[in-house]
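Since the structure comes first, as structure tokens, the remarks are kept for the end.
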Amino acid sequence: MMRRPLLLLLVAVLLTTFVEEPAGPDGYRTVAVEREAVGADSAAAETASSSAITGALVSLAGLPPVSGSLEQSGGSLVFRPADEGAMAVFPLFRTYGPSGATRHPAVSLLEVANGREDPIFLFHLGAAVVETSVPGILGELVAEPARVEELGTPWTTGTLTLAAPGDLPAAYRIAQELYLSRYADSVFSVFGRPERPIGVVSARGERAGRLGEYLAGRDSIAVSPSYITSRAQLRHTLAHELAHRWLRDHPQSAEALKAAMAPIRDPLRYGFRDPDEQLAESLAFAVHFLDASRRSGRPAGPALLESYERLVPGTRNAASLLLTFPAYEQHPLAREAWALKGPN
Ligand SMILES: [Zn+2]
Numbered sequence: 395m396m397r398r399p400l401l402l403l404l405v406a407v408l409l410t411t412f413v414e415e416p417a418g419p420d421g422y423r424t425v426a427v428e429r430e431a432v433g434a435d436s437a438a439a440e441t442a443s444s445s446a447i448t449g450a451l452v453s454l455a456g457l458p459p460v461s462g463s464l465e466q467s468g469g470s471l472v473f474r475p476a477d478e479g480a481m482a483v484f485p486l487f488r489t490y491g492p493s494g495a496t497r498h499p500a501v502s503l504l505e506v507a508n509g510r511e512d513p514i515f516l517f518h519l520g521a522a523v524v525e526t527s528v529p530g531i532l533g534e535l536v537a538e539p540a541r542v543e544e545l546g547t548p549w550t551t552g553t554l555t556l557a558a559p560g561d562l563p564a565a566y567r568i569a570q571e572l573y574l575s576r577y578a579d580s581v582f583s584v585f586g587r588p589e590r591p592i593g594v595v596s597a598r599g600e601r602a603g604r605l606g607e608y609l610a611g612r613d614s615i616a617v618s619p620s621y622i623t624s625r626a627q628l629r630h631t632l633a634h635e636l637a638h639r640w641l642r643d644h645p646q647s648a649e650a651l652k653a654a655m656a657p658i659r660d661p662l663r664y665g666f667r668d669p670d671e672q673l674a675e676s677l678a679f680a681v682h683f684l685d686a687s688r689r690s691g692r693p694a695g696p697a698l699l700e701s702y703e704r705l706v707p708g709t710r711n712a713a714s715l716l717l718t719f720p721a722y723e724q725h726p727l728a729r730e731a732w733a734l735k736g737p738n
């Protein structure tokens, strides 16, 4: 549970980001008072403790969100996924200048969702979006950026690409493994199987920074293992490119989904101001959501879907549509597809 003054302050910070005026120092004084009050209230202190482990949904580098826990460690925040995937470490601030003396928070508030009674906060943290109802250190740094001076040393883990740049044999081996994987079978059963095996993005496409491509003329999908940094990203790339293929073959469904799709609000999210990319991304997000809700075994319906929808609007309708496909006949949500519908 979050203390109301901090909530109101975060909402105020969020509102000021939409106008030209930066949040003035007056707003931050409220938090200084609030922090003194924490000591007198042990329950509040416990939830506000910056080293507390809190539940969060984290979208890494544009990928669909995964649930896990966040814990502060020095000047960084460590995310441990609940199910599968590697831990991710996010420095809470960056330093600039030759001496590295000036610290800048690496966190900003993206959105406060779900109403003020039970707020959910979305933060940009480096290349991730963190969604949590317990903003902790993230909320504190947004409300009072000067607090980065109190943080310990930031650290992170190295990021390797799946194949070394220029190692074409390794790139082809990874593409081949993906093609033969159970995951590929499962998305082929949803969107159809391309004519050719999965290839590798051309050097020109790689230079353009493409993680994947659908080549309609050849009916072929290619991926970039020398740019892709995780198996999750590799799988998501395949789902996204296959969604392009399916949308091309189903123009009426594509138009219907697009007509009902609200725009992406996050300027850093893939598909921002690009409805065709957003549409493919919403279908790939829907595939991920339906996988996650099948795997977890716990009720993972409307509330979790809402989190996907916040990141990529259109995911809800895409998931409802996919549940009518034969591939999802046995899905636990198939019989309650109506429950996925939003308030409208
Ligand atoms: Zn695309």
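Residue 634 in the numbering used here is what sits at position 240 of the sequence shown, and the numbering runs on without skipping anything. A virtual CB, placed ideally from N, CA and C, is assigned to each residue, including glycine.
Separation of L636 from R612, as counted between CA atoms: As a position in the sequence shown, residue 612 is number 218, starting the count at 1. As a position in the sequence shown, residue 636 is number 242, starting the count at 1. So the alpha carbons of these two residues sit roughly 13 Å apart.
E600 CB to nearest heavy atom of ligand 1 below 7 Å: Stepping through the sequence shown from its first residue, residue 600 is reached at position 206. E600 Cβ: outside cutoff for every heavy atom of ligand 1.
Inter-stretch contact at 8 Å, needing at least 3 Cβ pairs: the region 622–642 / the region 676–686: Touching, yes.
Distance, V472 Cα to P669 Cα: Locating residue 669 in the sequence shown gives position 275, where the first residue counts as 1. Locating residue 472 in the sequence shown gives position 78, where the first residue counts as 1. Approximately 33 Å, taken between the alpha carbons.
Residues near E543 in its chain [Cβ-Cβ closer than 8 Å; skip 5 each side]: Locating residue 543 in the sequence shown gives position 149, where the first residue counts as 1. R497, listed in sequence order.
Distance between beta carbons of A602 and V681, contact taken as under 8 Å: Position 287 of the sequence shown holds residue 681. Position 208 of the sequence shown holds residue 602. Not a contact, Cβ separation roughly 25 Å.
Segments of 3+ residues assigned as beta strand (DSSP E) that fall wholly inside the region 588–663: 606–609 and 614–617
Cβ neighbours of R642 in the same chain (closer than 7 Å, five flanking residues each side left out): Against the sequence shown, residue 642 aligns to sequence position 248. Hits under 7 Å: A610.
V483, DSSP secondary structure in three states: If you number the sequence shown from 1, residue 483 lands on position 89. Residue state, collapsed to three classes: strand.
Proximity below 8 Å, CB of V452 to CB of A522: Stepping through the sequence shown from its first residue, residue 452 is reached at position 58. Stepping through the sequence shown from its first residue, residue 522 is reached at position 128. Yes, these two residues count as a Cβ contact at 8 Å.
Extent of the continuous alpha helix (DSSP H) to which L562 belongs: Position 168 of the sequence shown, counting from 1, holds the residue named residue 562. L562 to Y573 is the span of the alpha helix (DSSP H), which, as asked, contains L562.
Beta-bridge pairing of I514 - partner residues as DSSP gives them: In the sequence shown, counting from the first residue as 1, residue 514 sits at position 120. Note: I514 sits in a beta bridge opposite A507.
Presumed contact (8 Å Cβ cut-off) between Y621 and E607, rounded CB distance: Indexing the sequence shown from 1 puts residue 621 at position 227. Indexing the sequence shown from 1 puts residue 607 at position 213. The Cβ separation is near 12 Å, so there is no contact.
Same chain only: Cβ atoms within 6 Å of P458, ignoring 5 sequence neighbours per side: Counting from one through the sequence shown, the residue named residue 458 turns up at place 64. Excluding sequence positions up to five before and after P458, its CB lies within less than 6 Å of the CB of F679 and H682, all in the same chain and listed in chain order.
P661 versus R590, L503 and E649, residue with shortest Cα-Cα distance: Numbered from its first residue, the sequence shown carries residue 661 at position 267. For P661, the nearest C-alpha among the options comes from L503.
Proximity of T524 and P513 at Cβ, strictly below 8 Å: For this step, residue 524 is matched to residue 130 along the sequence shown. For this step, residue 513 is matched to residue 119 along the sequence shown. For the record, residue 524 in the displayed sequence is Val; it is not Thr. Taking 8 Å as the Cβ cut-off, V524 and P513 do not qualify as a contacting pair.
Cα-Cα separation between T526 and G449, rounded to whole angstroms: Taking the sequence shown and counting its residues from 1, the one referred to as residue 526 is at position 132. Taking the sequence shown and counting its residues from 1, the one referred to as residue 449 is at position 55. Distance between the alpha carbons of T526 and G449 is about 7 Å.
Closer than 8 Å to chain C by CB, V524: Among the chains in the structure shown there is no chain C, since it carries only a single protein chain.
First through last residue of the beta strand (DSSP E) which encompasses P696: Counting from one through the sequence shown, the residue named residue 696 turns up at place 302. Here P696 belongs to no beta strand (DSSP E); instead the alpha helix (DSSP H) covers P696 to L705.
Beta-carbon proximity check, L673 vs A713, cutoff 8 Å: Along the sequence shown, read from residue 1 onward, the residue named residue 673 stands at position 279. Along the sequence shown, read from residue 1 onward, the residue named residue 713 stands at position 319. No, Cβ-Cβ distance for L673 and A713 is not below 8 Å.
Reduced DSSP secondary structure (H/G/I, E/B, other) of V681: The residue you call residue 681 lines up with position 287 of the sequence shown. DSSP places V681 in helix when its eight states are reduced to three.
C-alpha gap between E723 and D579, whole angstroms: The residue you call residue 723 lines up with position 329 of the sequence shown. The residue you call residue 579 lines up with position 185 of the sequence shown. Each residue's alpha carbon lies about 16 Å from the other.
Endpoints, beta strand (DSSP E) assigned at F666: Numbered from its first residue, the sequence shown carries residue 666 at position 272. Unbroken run through F666: none, as it is neither H nor E.
contact_flag[the region 647–661, the region 698–717] where n(CB pairs < 8 Å) is 3 or more: yes
C-alpha distance - G462 paired with R576, whole-angstrom precision: The sequence position of residue 462 within the sequence shown is 68, counting from 1. The sequence position of residue 576 within the sequence shown is 182, counting from 1. Rounded to the nearest angstrom, the two C-alpha atoms are 25 Å apart.
Ligand 1 heavy atom lying under 7 Å from the CB of A674: Numbered from 1 along the sequence shown, position 280 holds the residue referred to as residue 674. Yes, ligand 1 has a heavy atom inside 7 Å of this Cβ.
In DSSP terms, what P548 is bridged to: On the sequence shown, position 154 is the one that residue 548 refers to. The beta-bridge partner set that DSSP reports for P548 is empty.
Cross-strand partners of V536 (DSSP beta bridge): In the sequence shown, the residue the question calls residue 536 occupies position 142. Residue pairing by DSSP leaves V536 without any beta bridge partner.
Range covered by the alpha helix (DSSP H) that runs through T709: As a working note, residue 709 is residue 315 in the sequence shown. First-last of the alpha helix (DSSP H) with T709: T709 to L716.
Ligand 1 heavy atom lying under 7 Å from the CB of E543: By 1-based counting over the sequence shown, the position of residue 543 is 149. No, since every heavy atom of ligand 1 falls outside the 7 Å radius drawn around the Cβ of E543.
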